[in-house]
Amino acid sequence: MAHPDRMVPGPGQESVWDYPRPPRLEDSGKQIRVEFNGVVIAETDRAKRVVETSHPPSYYIPPEDLRQEYFELIARSTFCEWKGVARYYSIQVGDRRAEAAAWFYPAPIPAFAEIQNYVAIYPSYVDACYVDGELVQAQPGDFYGGWITSEIVGPFKGSPGTWGW
Numbered sequence: 014m015a016h017p018d019r020m021v022p023g024p025g026q027e028s029v030w031d032y033p034r035p036p037r038l039e040d041s042g043k044q045i046r047v048e049f050n051g052v053v054i055a056e057t058d059r060a061k062r063v064v065e066t067s068h069p070p071s072y073y074i075p076p077e078d079l080r081q082e083y084f085e086l087i088a089r090s091t092f093c094e095w096k097g098v099a100r101y102y103s104i105q106v107g108d109r110r111a112e113a114a115a116w117f118y119p120a121p122i123p124a125f126a127e128i129q130n131y132v133a134i135y136p137s138y139v140d141a142c143y144v145d146g147e148l149v150q151a152q153p154g155d156f157y158g159g160w161i162t163s164e165i166v167g168p169f170k171g172s173p174g175t176w177g178w
């Protein structure tokens, strides 16, 4: 299946169609903040991001920069051909719970060893995610956890009809 035409990035923007496949791990250096049920559950300037063709970046947060008391390890696991076996957390703050809202790699393949136990959060499962103060839009679909900001242009994989891209 052919993908739609690549959007041309403007000054200071990146196109997800210029990202590599297999994906690449990068240091971010940006300020990352995640809020759920009125609480900042994660905040860091030490995140790493994974970039992959057709996907907005996923941000991985060092575990020590999470409010770990809100993260509950659950039995779910999945397999990524590039990173290995992922485990999942549900997030509970007060009376609100987001099931399988975050994931991590306890033993990633060597190319992704730097994100061992770093946690990625689905922006669509929490109230707000920010990159350098900009509110993030969630990547379409429930399978992917990409963070869309004004610095990223698509089109993005995840909406109905994009599985074959």
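Sequential numbering from 14 applies to the sequence shown in our numbering.
Yeah, the Cβ is synthetic: ideal placement off N, Cα and C, and Gly gets one too.
Asked                                                                                                                          : Found
According to DSSP, is Trp-95 helix, strand or coil?                                                                            : coil
Taking Cβ positions, are Ala-114 and Ile-104 nearer each other than 8 angstroms?                                               : yes
Helix, strand or coil, according to DSSP, for Trp-30 in the structure here?                                                    : helix
Mind checking Glu-112: buried by the 16 CB within 10 Å criterion, or exposed?                                                  : exposed
To the nearest angstrom, how far is it from the Cα of Gly-107 to the Cα of Gly-154?                                            : 27 angstroms
Would you report the Cα separation of Asp-27 and Tyr-131, rounded to the nearest angstrom?                                     : Per the sequence shown, the amino acid found at residue 27 is Glu instead of Asp. The alpha-carbon atoms of Glu-27 and Tyr-131 are separated by roughly 24 angstroms.
Does the beta-carbon of Arg-62 have 16 or more other beta-carbons within 10 angstroms, so that it is buried, or is it exposed? : buried
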